[in-house]
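Those protein sequences? They're chains D and Z, same order as listed. With this note's numbering, the residue at position 259 of the first sequence is 305, and numbering never jumps. With this note's numbering, the residue at position 181 of the second sequence is 227, and numbering never jumps. C-beta: ideal position from N, C-alpha, C; glycine also. Since the structure comes first, as structure tokens, the remarks are kept for the end.
Number of protein chains: 2
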Amino acid sequence: MSAPLIAGLELGGTKCVAILASGPDAIHERVELPTTSPAATLAAIEAVIDGWRGFAALGIASFGPISINRHAADYGHITSTPKPGWAGTDVARRLGARYGVPTEFHSDVVGAALGEARWGAAAGLTDLAYVTVGTGIGVGLIAHDRPVDGLTHSELGHIRPQRLPGDDWGGTCPFHGACVEGLAAGPAIAARTGVKGQDLPADHEAWEGVVHALAQLLHTITLTGVPRRIVMGGGVMVGNPFLFPRVRHSLRQSLGGYIAIPEVADVDTYVVAPALGHNAGPLGAIVLGQQALLSR
Amino acid sequence: MSAPLIAGLELGGTKCVAILASGPDAIHERVELPTTSPAATLAAIEAVIDGWRGFAALGIASFGPISINRHAADYGHITSTPKPGWAGTDVARRLGARYGVPTEFHSDVVGAALGEARWGAAAGLTDLAYVTVGTGIGVGLIAHDRPVDGLTHSELGHIRPQRLPGDDWGGTCPFHGACVEGLAAGPAIAARTGVKGQDLPADHEAWEGVVHALAQLLHTITLTGVPRRIVMGGGVMVGNPFLFPRVRHSLRQSLGGYIAIPEVADVDTYVVAPALGHNAGPLGAIVLGQQALLSR
Numbered sequence: 047m048s049a050p051l052i053a054g055l056e057l058g059g060t061k062c063v064a065i066l067a068s069g070p071d072a073i074h075e076r077v078e079l080p081t082t083s084p085a086a087t088l089a090a091i092e093a094v095i096d097g098w099r100g101f102a103a104l105g106i107a108s109f110g111p112i113s114i115n116r117h118a119a120d121y122g123h124i125t126s127t128p129k130p131g132w133a134g135t136d137v138a139r140r141l142g143a144r145y146g147v148p149t150e151f152h153s154d155v156v157g158a159a160l161g162e163a164r165w166g167a168a169a170g171l172t173d174l175a176y177v178t179v180g181t182g183i184g185v186g187l188i189a190h191d192r193p194v195d196g197l198t199h200s201e202l203g204h205i206r207p208q209r210l211p212g213d214d215w216g217g218t219c220p221f222h223g224a225c226v227e228g229l230a231a232g233p234a235i236a237a238r239t240g241v242k243g244q245d246l247p248a249d250h251e252a253w254e255g256v257v258h259a260l261a262q263l264l265h266t267i268t269l270t271g272v273p274r275r276i277v278m279g280g281g282v283m284v285g286n287p288f289l290f291p292r293v294r295h296s297l298r299q300s301l302g303g304y305i306a307i308p309e310v311a312d313v314d315t316y317v318v319a320p321a322l323g324h325n326a327g328p329l330g331a332i333v334l335g336q337q338a339l340l341s342r
Numbered sequence: 047m048s049a050p051l052i053a054g055l056e057l058g059g060t061k062c063v064a065i066l067a068s069g070p071d072a073i074h075e076r077v078e079l080p081t082t083s084p085a086a087t088l089a090a091i092e093a094v095i096d097g098w099r100g101f102a103a104l105g106i107a108s109f110g111p112i113s114i115n116r117h118a119a120d121y122g123h124i125t126s127t128p129k130p131g132w133a134g135t136d137v138a139r140r141l142g143a144r145y146g147v148p149t150e151f152h153s154d155v156v157g158a159a160l161g162e163a164r165w166g167a168a169a170g171l172t173d174l175a176y177v178t179v180g181t182g183i184g185v186g187l188i189a190h191d192r193p194v195d196g197l198t199h200s201e202l203g204h205i206r207p208q209r210l211p212g213d214d215w216g217g218t219c220p221f222h223g224a225c226v227e228g229l230a231a232g233p234a235i236a237a238r239t240g241v242k243g244q245d246l247p248a249d250h251e252a253w254e255g256v257v258h259a260l261a262q263l264l265h266t267i268t269l270t271g272v273p274r275r276i277v278m279g280g281g282v283m284v285g286n287p288f289l290f291p292r293v294r295h296s297l298r299q300s301l302g303g304y305i306a307i308p309e310v311a312d313v314d315t316y317v318v319a320p321a322l323g324h325n326a327g328p329l330g331a332i333v334l335g336q337q338a339l340l341s342r
């Protein structure tokens, strides 16, 4: 049985990727578009997808926060984003109605998680987490092949971690100050050091607080009981691969042997880099479309 | 259609409750037994259930840690508990084989969550959390009517929270020191103050750290994106109801308006006491049995 053709859309803060595909080895079209105003961006996306034929479903993985509650009036909308003009923008209802196919809508990081789980660094695993560390910090949690959600999607990047002894820097999150995002995202690193993460040497002392905050996030994610593997992506991780062994070491120390399960004990295979690169999100949108088909 | 008759077992650290029921208004039998050695306790449970007829499934909600991975050799076992004699005890395989009915096995706190979601303080909600604050701190998370799990069950009571400024007390958790359980469970309160929680006056300064740690746990649980309501039970909460308004206030302050969703904004209905009392766990076991029937 050949996999059905799906239209996938990754809607990002700076660019969008629309793909027509049934998997990583069957990408029929792939178009990148800049993210500008909502009206111009959605019109450009529609101009692309209008030309496609034969797709059975539509999957959309979007920056957020977004509303994923199908019973809510604002379902399918980007809700309270600070991105100028985008708060309150309807994405999934509009595109779902235009193309008349089953449509699934979720966060960009859930999309990346689903892509990595199907074809990437967590291939074959039903339960995983994808953590992006970039302009913000986001977590996509998948259990039994489905996104973990309910009231809304995960916002675990905004948990308040235990701090390193003697470190009382206030962090940069406008809501929480020293939450994980306020301590370890790209803008936090730049604010604390005056240097962008990609230019900060590996032996700079500021990395210690970044590593500790990220390990605390992974400690928490592990204790949800869900992931069999944690995939860490985003600009800060991709640009500074020396962070991986340090985060793994800090996570192991923090857990203190509490979760006595082989998957966690082997921390080198428990915390890994992504495998799909810039296609994780778009391919995740394909998986979302497949799930829309299944749950129709 | 009348609900099927289910055999339910809550296996607790000090006592077990076996019930034959189809719901809270149809409890045919209810037997309490002390939890002693594994051999004596399980034999006593079997002597009770052997006398029951006509149940279609078996649900077991157990103290832990437990193995809920059906593909693992130790599925259905209590795994690494410090409770003398119980580590490595097979519960669910043994009872499931003895009675030959569909059997579901999960944590005691997931059981309580399912009971409160079906018939109690979260009735009608598909997504909720149950937090017990007693000898330990446990979290049961339910999304779309199902327990949130994967690698294992939740252990979120062991996250390491941000601390109150100036508070560097080391906590009592043998694994993590000042995790939430090490700061706010009954034994932690007693260790810090020399007084048991039930005898500690409401204006004792030690409650400040307890409230803060519990609010940080609720902050984290909220940011998983799952619960539409958080039910807080266990001896420390039930014995000290003044904690509820204080934990709600601290949670609201900690979130800082970040999750702009009505369910969370109305913190008085977001964080609530249980409604089923000592029957939450046993009735949760009935729900687990019903789920075993459905997924057969």
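Residues of chain D with CB closer than 7 Å to the CB of residue i, please, in chain order.
| i | result |
| --- | --- |
| Z:H204 | L269 and Y304 |
| Z:S126 | A306 |
What's the C-alpha gap between residue i and residue j?
| i | j | result |
| --- | --- | --- |
| Z:L263 | Z:S48 | 39 Å |
| Z:R116 | Z:V256 | 37 Å |
| Z:V272 | D:V194 | 7 Å |
| D:C62 | D:I95 | 13 Å |
| D:I124 | D:E92 | 17 Å |
| Z:L322 | Z:D71 | 12 Å |
| Z:G335 | Z:L104 | 5 Å |
| D:F101 | D:H190 | 26 Å |
| D:L171 | Z:A261 | 33 Å |
| Z:G97 | Z:H324 | 23 Å |
| Z:V185 | D:I73 | 42 Å |
| Z:A53 | Z:I106 | 9 Å |
| D:E227 | D:G110 | 15 Å |
| Z:P130 | D:T268 | 27 Å |
| Z:L246 | Z:F288 | 12 Å |
| Z:G134 | D:D173 | 25 Å |
| D:A39 | Z:G203 | The question about residue 39 of chain D has no answer, for chain D in this structure spans 47 to 342. |
| D:L329 | D:P320 | 13 Å |
| D:L229 | Z:R139 | 46 Å |
If we count the other Cβ atoms within 10 Å of its Cβ and call it buried at 16 or more, is residue i buried or exposed?
| i | result |
| --- | --- |
| D:S300 | buried |
| D:T82 | exposed |
| D:R206 | buried |
| Z:G240 | exposed |
| Z:E162 | buried |
| D:H295 | exposed |
| Z:F151 | buried |
| Z:D214 | exposed |
| D:E56 | buried |
| Z:E201 | buried |
| D:D249 | exposed |
| D:G232 | buried |
| Z:D312 | exposed |
| Z:R99 | exposed |
| Z:R274 | buried |
Taking DSSP's pairing of strands, which residues face residue i in a bridge?
| i | result |
| --- | --- |
| D:Y176 | D:G186 and D:V277 |
| D:E150 | D:G105 |
| Z:C219 | Z:G223 |
| D:P80 | D:K61 |
| D:A234 | According to DSSP, which records beta bridges pairwise, D:A234 is partnered with nothing at all. |
| D:L66 | D:A53 and D:E75 |
Quick one: which chain Z residues come within Cβ less than 7 Å of residue i?
| i | result |
| --- | --- |
| D:L197 | D173, G271, V272, P273, R274, I307 and E309 |
| D:H258 | Per Cβ cutoff of 7 Å: no residues; D:H258 is ~10 Å from chain Z at best. |
Who are the neighbours of residue i on chain D, taking C-beta pairs under 8 Å?
| i | result |
| --- | --- |
| Z:R209 | Q208 and R209 |
| Z:H265 | I205 and R206 |
Closer than 8 Å by beta-carbon distance: list the chain Z residues that pair up with residue i, in chain order.
| i | result |
| --- | --- |
| D:V194 | A189, V194, T270, G271 and V272 |
Under 9 Å between beta-carbons, which chain D residues line up against residue i? List them in chain order, please.
| i | result |
| --- | --- |
| Z:E201 | T268, L269, T270, G271, Y304 and I305 |
| Z:Q244 | The contacting residues do not exist; Z:Q244 stays about 28 Å from chain D at best. |
Residues of chain Z with a CB under 9 Å from the CB of residue i: which are they?
| i | result |
| --- | --- |
| D:F221 | L301, G302, G303 and Y304 |
| D:Q262 | I205 and R206 |
Task: Entirely enclosed beta strand (DSSP E) segments - the region 263-321 of chain D, minimum 3 residues - done: 276-279
TODO: Can you check the region 112-157 of chain D for any alpha helix (DSSP H) of at least 4 residues that lies completely inside it and give the ranges in chain order?
DONE: 138-145
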